[in-house]
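Report on the structure given below.
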Amino acid sequence: MAKAKAKTSAAGLWLMKSEPEVFSIADLERDGTTTWEGVRNYTARNFMRDGMKLGDLVLYYHSNAAPSGIAGLARVSGLAEPDPTQFDPGSDYHDPGSSESDPRWLMVRLGFVERFSSLLSLDQLKSEAALSGMPLLQRGQRLSVQPVSAAHFAHVLGLASARTPLPSVT
DNA sequence: GCCAACGTTGGC
DNA sequence: GCCAACGTTGGC
Numbered sequence: 000m001a002k003a004k005a006k007t008s009a010a011g012l013w014l015m016k017s018e019p020e021v022f023s024i025a026d027l028e029r030d031g032t033t034t035w036e037g038v039r040n041y042t043a044r045n046f047m048r049d050g051m052k053l054g055d056l057v058l059y060y061h062s063n064a065a066p067s068g069i070a071g072l073a074r075v076s077g078l079a080e081p082d083p084t085q086f087d088p089g090s091d092y093h094d095p096g097s098s099e100s101d102p103r104w105l106m107v108r109l110g111f112v113e114r115f116s117s118l119l120s121l122d123q124l125k126s127e128a129a130l131s132g133m134p135l136l137q138r139g140q141r142l143s144v145q146p147v148s149a150a151h152f153a154h155v156l157g158l159a160s161a162r163t164p165l166p167s168v169t
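Taking numbering that gives the first Met the number 0, the leading residue of the first sequence gets 0, the next gets one more, and so forth.
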C-alpha cells in the first residue's frame with residue numbers, strides 16, 4: 000500500500016473521533032496536548048502513518064455522544080510513532096500479536112486549537128448540502144481517522160464561526 | 001440496549 | 001482465496 004504521489008504544500012485536513020466519555024475536546028483543552036493511542040484499524044493507522052504531517056488540522060468529533068458531532072479543532076503536533084498501549088497486557092488496547100521490534104499500531108500527538116462554542120451536531124451536519132459527500136456522513140462508515148476535503152473543512156469552519164466569535168485558524 | 005454495517009479471523 | 005463466524009463501531 001503505497002500512495003500519496005500527488006503532493007501539495009497545503010496542510011492535510013482530517014477528522015478524528017473520540018468518545019467524549021473517554022477523552023473530550025474539553026479534556027484536550029485542559030491538557031493542551033494528547034497522544035492518540037488506541038487506534039486499532041489498519042486504514043486509520045495508515046492515514047496517521049502515511050498522511051499526517053506536523054501542523055495538519057483535525058476536526059475533533061465526539062462519537063457515541065448525545066448528541067454526537069464536531070466539537071472543535073486540533074492540530075497534529077507529533078508524527079506517528081509506536082503506540083505503547085499495544086505492549087501493555089493490562090491495557091484494553093493490548094495486542095499480543097504485536098512486538099516491540101515490529102510494532103503494529105501507531106499513534107500521533109494532537110494539540111488543542113479550539114473548542115467550538117457549541118457542538119456542530121450530526122443532525123446539523125447532515126442538513127448541510129455542501130457536506131453531503133463527507134465520508135463521516137456516509138452510511139455505515141465508521142473510520143475513526145479520516146481525511147477531509149478542503150471544501151468540506153472550510154464549510155465546517157464556516158458553520159462553527161457562525162456561532163462563535165470568529166476563531167482564526169492560520 | 002438494539003442492531004446494521006463493517007473489519008478481521010480462521011477453517012477449508 | 002472464499003466466506004461464515006465473530007467482534008466492533010456508533011447511531012439511535
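Backbone N, C-alpha and C define an ideal beta-carbon position, used for all residues, glycine too.
Under the three-state reduction of DSSP, D101 is assigned to strand. For a cut-off of 8 Å, the C-beta gap from L118 to P66 is around 7 Å, short enough to register as a contact. In terms of CA proximity to N63, L121 leads the group A159, L121 and T33. Shown here, A70 sits in a strand according to DSSP, grouped into three states. For V144, the enclosing beta strand (DSSP E) covers residues V144 to P146. Shown here for K52: same chain residues with a beta carbon closer than 6 Å to its own, the five before and five after excluded, namely G11 in chain order. In this structure the segment 77–85 touches the segment 23–41; the number of beta carbon pairs closer than 8 Å is three or more. Between R29 and D55, the CB-CB gap reaches or exceeds 8 Å. At least 8 Å separates the beta-carbon of F115 from that of G77. Comparing C-alpha distances from G50 to each of V144, A149 and Y60 shows the shortest one belongs to V144. Membership of V57 in the beta strand (DSSP E) is indicated by the continuous run L56 to H61.
Counting only residues of its own chain and dropping the five nearest sequence neighbours on each side, R44 has a CB closer than 7 Å to the CB of V38, W104 and L105. Here the C-alpha atom of L130 lies approximately 10 Å from the C-alpha atom of Q123. Under DSSP, the beta-bridge partners assigned to E113 are L72.
If the five residues before and after R48 are omitted, its C-beta is found closer than 6 Å to the C-beta atoms of A79 and L105, all from its own chain and listed in chain order.
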